[in-house]
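K.L.:
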Amino acid sequence: MKANKVLIAISFLFVQVIFSGFTYANEAFVMKNGELERPTGYREWIYVGTPVTPNDMNNGKAAFPELHNVYIDPMSWKHWKNKGEFRDGTIIIKELVSVGSKSAVSGNGYFMGDFIGLEATIKSKKHFKDEPGNWAYFSFSSADHKTLSKTAKAFPSKSCNSCHAGAAADDFVFTQYYPVLSQGKGMKMKAGGGHFDSLKPVK
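Heads up: the sequence shown is residues 1 to 203, going by UniProt numbering.
In C-alpha coordinates:
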(Lines of atoms letter the chains of each structure in order from A and count residues from 1; the text may use other names and numbers.)
(Lines give C-alpha, C1' and ligand atoms only; values in the text may rest on other atoms or scores of the structure.)
Protein backbone atom coordinates (compact mmCIF):
# COMPACT_ATOMS: atom_id res chain seq x y z
CA MET A 1 0.00 0.00 0.00
CA LYS A 2 2.86 2.37 0.90
CA ALA A 3 4.54 1.65 -2.41
CA ASN A 4 1.31 2.48 -4.26
CA LYS A 5 0.96 5.79 -2.40
CA VAL A 6 4.55 6.72 -3.22
CA LEU A 7 3.99 5.81 -6.86
CA ILE A 8 0.83 7.94 -7.01
CA ALA A 9 2.64 10.87 -5.40
CA ILE A 10 5.53 10.60 -7.86
CA SER A 11 3.10 10.36 -10.78
CA PHE A 12 1.26 13.47 -9.56
CA LEU A 13 4.52 15.41 -9.30
CA PHE A 14 5.53 14.22 -12.78
CA VAL A 15 2.24 15.46 -14.23
CA GLN A 16 2.74 18.80 -12.48
CA VAL A 17 6.23 19.17 -13.96
CA ILE A 18 4.94 18.36 -17.44
CA PHE A 19 2.07 20.81 -17.07
CA SER A 20 4.35 23.54 -15.75
CA GLY A 21 6.80 22.93 -18.57
CA PHE A 22 3.99 23.10 -21.11
CA THR A 23 2.78 26.40 -19.72
CA TYR A 24 6.29 27.84 -19.72
CA ALA A 25 6.95 26.57 -23.24
CA ASN A 26 3.94 28.53 -24.47
CA GLU A 27 5.23 31.82 -23.11
CA ALA A 28 8.31 33.48 -24.58
CA PHE A 29 8.61 35.71 -21.52
CA VAL A 30 9.16 35.44 -17.77
CA MET A 31 7.19 37.38 -15.15
CA LYS A 32 8.69 37.45 -11.66
CA ASN A 33 7.27 39.31 -8.66
CA GLY A 34 5.00 41.29 -10.96
CA GLU A 35 7.83 42.44 -13.23
CA LEU A 36 8.87 41.35 -16.71
CA GLU A 37 12.38 39.99 -17.02
CA ARG A 38 14.23 41.49 -19.97
CA PRO A 39 13.62 39.17 -22.95
CA THR A 40 16.59 37.68 -24.79
CA GLY A 41 17.02 36.10 -28.20
CA TYR A 42 14.22 38.14 -29.77
CA ARG A 43 16.27 39.01 -32.88
CA GLU A 44 15.72 35.39 -33.89
CA TRP A 45 11.93 35.82 -33.71
CA ILE A 46 9.64 36.93 -36.55
CA TYR A 47 10.55 40.42 -37.74
CA VAL A 48 7.42 42.40 -38.63
CA GLY A 49 8.71 45.86 -39.54
CA THR A 50 10.54 49.08 -38.68
CA PRO A 51 8.44 52.23 -38.27
CA VAL A 52 10.39 55.49 -38.17
CA THR A 53 9.67 58.45 -35.87
CA PRO A 54 12.84 60.55 -36.18
CA ASN A 55 13.58 63.25 -33.64
CA ASP A 56 13.94 65.88 -36.34
CA MET A 57 10.29 65.40 -37.31
CA ASN A 58 9.07 65.45 -33.70
CA ASN A 59 10.40 68.69 -32.24
CA GLY A 60 13.69 67.04 -31.34
CA LYS A 61 12.16 64.46 -29.01
CA ALA A 62 10.17 61.57 -30.46
CA ALA A 63 8.17 59.54 -27.94
CA PHE A 64 9.82 56.39 -29.30
CA PRO A 65 13.09 57.42 -30.96
CA GLU A 66 13.80 56.83 -33.75
CA LEU A 67 13.61 53.60 -35.73
CA HIS A 68 11.74 50.70 -34.13
CA ASN A 69 12.66 47.14 -35.09
CA VAL A 70 9.59 45.11 -34.14
CA TYR A 71 9.46 41.36 -33.52
CA ILE A 72 6.74 38.89 -32.50
CA ASP A 73 7.42 35.54 -30.83
CA PRO A 74 7.20 32.56 -33.24
CA MET A 75 4.23 30.82 -31.56
CA SER A 76 2.17 34.00 -31.65
CA TRP A 77 3.08 34.60 -35.29
CA LYS A 78 1.93 31.07 -36.13
CA HIS A 79 -1.37 31.70 -34.35
CA TRP A 80 -1.80 35.08 -36.07
CA LYS A 81 -1.26 33.73 -39.57
CA ASN A 82 -3.55 30.75 -38.94
CA LYS A 83 -6.32 32.29 -36.83
CA GLY A 84 -6.02 36.01 -37.57
CA GLU A 85 -5.88 36.96 -33.90
CA PHE A 86 -3.31 37.58 -31.19
CA ARG A 87 -3.21 34.62 -28.84
CA ASP A 88 -3.08 34.79 -25.08
CA GLY A 89 0.65 34.81 -24.34
CA THR A 90 1.67 37.03 -27.25
CA ILE A 91 4.77 39.15 -26.77
CA ILE A 92 5.82 41.88 -29.20
CA ILE A 93 9.26 43.48 -28.89
CA LYS A 94 10.19 46.97 -30.04
CA GLU A 95 13.95 47.58 -30.22
CA LEU A 96 14.77 51.26 -30.58
CA VAL A 97 17.58 52.39 -32.87
CA SER A 98 18.94 55.89 -33.43
CA VAL A 99 19.22 57.57 -36.81
CA GLY A 100 22.87 57.16 -37.71
CA SER A 101 22.96 58.89 -41.07
CA LYS A 102 20.67 60.62 -43.53
CA SER A 103 22.60 59.84 -46.67
CA ALA A 104 24.05 56.78 -48.35
CA VAL A 105 25.17 55.76 -51.84
CA SER A 106 21.57 54.68 -52.47
CA GLY A 107 20.22 58.17 -51.72
CA ASN A 108 18.94 60.29 -48.85
CA GLY A 109 16.88 58.86 -46.02
CA TYR A 110 17.07 57.64 -42.44
CA PHE A 111 19.68 54.96 -41.83
CA MET A 112 20.20 53.02 -38.63
CA GLY A 113 22.78 54.02 -36.05
CA ASP A 114 22.99 52.54 -32.54
CA PHE A 115 20.62 50.59 -30.29
CA ILE A 116 19.08 53.02 -27.80
CA GLY A 117 16.19 51.23 -26.11
CA LEU A 118 13.94 48.22 -25.65
CA GLU A 119 10.16 48.06 -25.19
CA ALA A 120 7.75 45.13 -24.92
CA THR A 121 4.02 44.46 -25.12
CA ILE A 122 2.38 41.34 -23.69
CA LYS A 123 -1.13 39.93 -23.93
CA SER A 124 -1.85 37.70 -20.95
CA LYS A 125 -5.12 37.03 -19.15
CA LYS A 126 -3.20 35.28 -16.39
CA HIS A 127 -0.95 38.24 -15.63
CA PHE A 128 -3.07 41.21 -16.75
CA LYS A 129 -6.70 40.19 -16.35
CA ASP A 130 -7.79 43.72 -15.43
CA GLU A 131 -6.02 45.48 -18.31
CA PRO A 132 -7.96 46.38 -21.49
CA GLY A 133 -7.60 43.47 -23.89
CA ASN A 134 -5.26 41.89 -21.31
CA TRP A 135 -2.39 43.90 -22.81
CA ALA A 136 0.43 45.43 -20.75
CA TYR A 137 3.32 47.64 -21.87
CA PHE A 138 6.91 47.75 -20.62
CA SER A 139 10.10 49.74 -21.11
CA PHE A 140 13.62 48.64 -20.23
CA SER A 141 15.17 51.86 -21.57
CA SER A 142 16.97 54.32 -19.31
CA ALA A 143 16.10 58.01 -19.61
CA ASP A 144 19.39 58.76 -21.35
CA HIS A 145 18.98 55.75 -23.70
CA LYS A 146 22.37 54.33 -22.69
CA THR A 147 21.44 51.30 -20.57
CA LEU A 148 18.70 48.70 -20.13
CA SER A 149 17.14 47.52 -16.88
CA LYS A 150 17.04 43.81 -16.06
CA THR A 151 13.31 43.94 -15.24
CA ALA A 152 10.43 46.30 -15.94
CA LYS A 153 7.06 47.07 -14.39
CA ALA A 154 3.97 47.48 -16.56
CA PHE A 155 2.96 51.04 -17.35
CA PRO A 156 -0.37 52.24 -15.89
CA SER A 157 -3.28 51.57 -18.25
CA LYS A 158 -3.88 55.24 -19.00
CA SER A 159 -0.29 55.69 -20.18
CA CYS A 160 -0.60 53.38 -23.19
CA ASN A 161 -3.93 51.60 -23.56
CA SER A 162 -6.00 54.71 -24.22
CA CYS A 163 -3.95 55.51 -27.32
CA HIS A 164 -3.92 51.91 -28.53
CA ALA A 165 -7.65 51.48 -27.93
CA GLY A 166 -8.55 54.49 -30.04
CA ALA A 167 -6.15 54.10 -32.95
CA ALA A 168 -4.89 50.51 -33.27
CA ALA A 169 -6.40 48.42 -36.06
CA ASP A 170 -6.34 44.99 -34.39
CA ASP A 171 -6.80 44.22 -30.70
CA PHE A 172 -4.76 47.19 -29.42
CA VAL A 173 -1.98 46.55 -31.97
CA PHE A 174 -1.12 49.01 -34.75
CA THR A 175 -1.14 46.37 -37.47
CA GLN A 176 -1.98 49.06 -40.05
CA TYR A 177 1.69 50.09 -39.93
CA TYR A 178 3.01 46.56 -40.44
CA PRO A 179 2.07 44.92 -43.76
CA VAL A 180 3.65 41.68 -42.57
CA LEU A 181 0.87 41.55 -39.96
CA SER A 182 -1.99 43.24 -41.81
CA GLN A 183 -1.48 41.23 -45.00
CA GLY A 184 -0.54 38.03 -43.18
CA LYS A 185 -3.63 37.96 -40.97
CA GLY A 186 -5.27 34.53 -41.29
CA MET A 187 -3.37 33.80 -44.52
CA LYS A 188 -1.74 30.62 -43.17
CA MET A 189 1.22 29.49 -45.32
CA LYS A 190 0.82 32.44 -47.68
CA ALA A 191 1.68 34.83 -44.84
CA GLY A 192 5.29 33.74 -45.32
CA GLY A 193 5.57 35.81 -48.50
CA GLY A 194 6.23 35.18 -52.19
CA HIS A 195 2.86 33.57 -52.99
CA PHE A 196 1.24 36.43 -54.92
CA ASP A 197 2.11 38.08 -58.24
CA SER A 198 0.29 41.28 -57.33
CA LEU A 199 1.66 43.61 -54.66
CA LYS A 200 -1.76 45.13 -54.00
CA PRO A 201 -3.09 44.60 -50.46
CA VAL A 202 -4.86 41.28 -50.00
CA LYS A 203 -8.54 41.75 -49.18
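The beta-carbon is built from N, C-alpha and C at its ideal position, and this holds for glycine as well.
Thinking C-alpha only, which one of M187, G193, V173 and D197 is nearest H79?
P.N.:
Residue mapping note: residue 79 aligns to position 79 of the sequence shown, counting from 1. Of the listed residues, the one whose Cα sits closest to H79 is M187.
K.L.:
Please report the straight-line C-alpha distance between L118 and L199, rounded to a whole angstrom.
P.N.:
Residue 118 sits at position 118 when you count from the first residue of the sequence shown. Residue 199 sits at position 199 when you count from the first residue of the sequence shown. Their backbone Cα atoms lie some 32 Å apart in a straight line.
K.L.:
Below 8 Å on the Cβ atoms is my guess for E95 versus F64; work out the distance and round it to an integer in Å.
P.N.:
Counting from 1 along the sequence shown, the entry for residue 95 is found at position 95. Counting from 1 along the sequence shown, the entry for residue 64 is found at position 64. So it is not a contact: roughly 11 Å between Cβ atoms.
K.L.:
Entirely within the segment 157-192 and at least 4 residues each: give me those alpha helix (DSSP H) ranges in chain order.
P.N.:
Whole alpha helix (DSSP H) segments, 4+ residues: 157-167 and 179-182.
K.L.:
Identify, in the order they occur along the chain, each residue of the same chain with its Cβ nearer than 7 Å to the Cβ of P74, setting aside the five sequence neighbours on each side.
P.N.:
Taking the first residue of the sequence shown as position 1, residue 74 is located at position 74. Answer for P74: W45 and I46, listed in chain order.
K.L.:
Assuming D88 contacts S139 (C-beta within less than 8 Å), just tell me the rounded distance between them.
P.N.:
What you label residue 88 is simply residue 88 of the sequence shown in a count that begins at 1. What you label residue 139 is simply residue 139 of the sequence shown in a count that begins at 1. In fact, because the Cβ distance is near 22 Å, the residues do not count as touching under 8 Å.
K.L.:
Enumerated in chain order, which unbroken segments of the beta strand (DSSP E) with a length of 3 residues or greater are wholly contained in the segment 46-83?
P.N.:
Listed in chain order, they are 46-49 and 67-72.
K.L.:
What are the residues that DSSP puts in a beta bridge with K102?
P.N.:
Here the question's residue 102 lines up with position 102 in the sequence shown. Answer by DSSP bridge pairing: none, since K102 is not bridged.
K.L.:
Who are the near neighbours of A165 in its chain, counting only those whose CB is closer than 7 Å to its CB and skipping five residues on each side?
P.N.:
Residue 165 sits at position 165 when you count from the first residue of the sequence shown. Once the five neighbours on either side are set aside, the close Cβ partners of A165 are P132 and F172.
K.L.:
Assign C163 to one of two classes, buried (16 or more other C-beta atoms within 10 Å of its C-beta) or exposed (fewer than that).
P.N.:
Locating residue 163 in the sequence shown gives position 163, where the first residue counts as 1. The residue in question, C163, is exposed, as its Cβ has fewer than 16 Cβ neighbours within 10 Å.
K.L.:
Which residue's Cα is closest to the Cα of F86: W135, N33, K126 and Y42?
P.N.:
As a working mapping, residue 86 is identified with position 86 in the sequence shown. With distances taken between Cα atoms, F86 lies closest to W135.
K.L.:
For the pair the segment 24-41 and the segment 142-151, tell me if three or more CB-CB distances fall below 8 Å.
P.N.:
The segment 24-41 vs the segment 142-151: in contact.
K.L.:
If you follow the beta strand (DSSP E) that T121 is in, where does it begin and where does it stop?
P.N.:
Your numbering for residue 121 matches position 121 in the sequence shown. Counting along the chain, the beta strand (DSSP E) containing T121 begins and ends at G107 to K123.
K.L.:
When we look at the beta-carbon of residue 224 and count the other beta-carbons within 10 Å, is it buried (16 or more) or exposed?
P.N.:
This structure cannot settle anything about residue 224, because the visible part of the chain is limited to 1 through 203.
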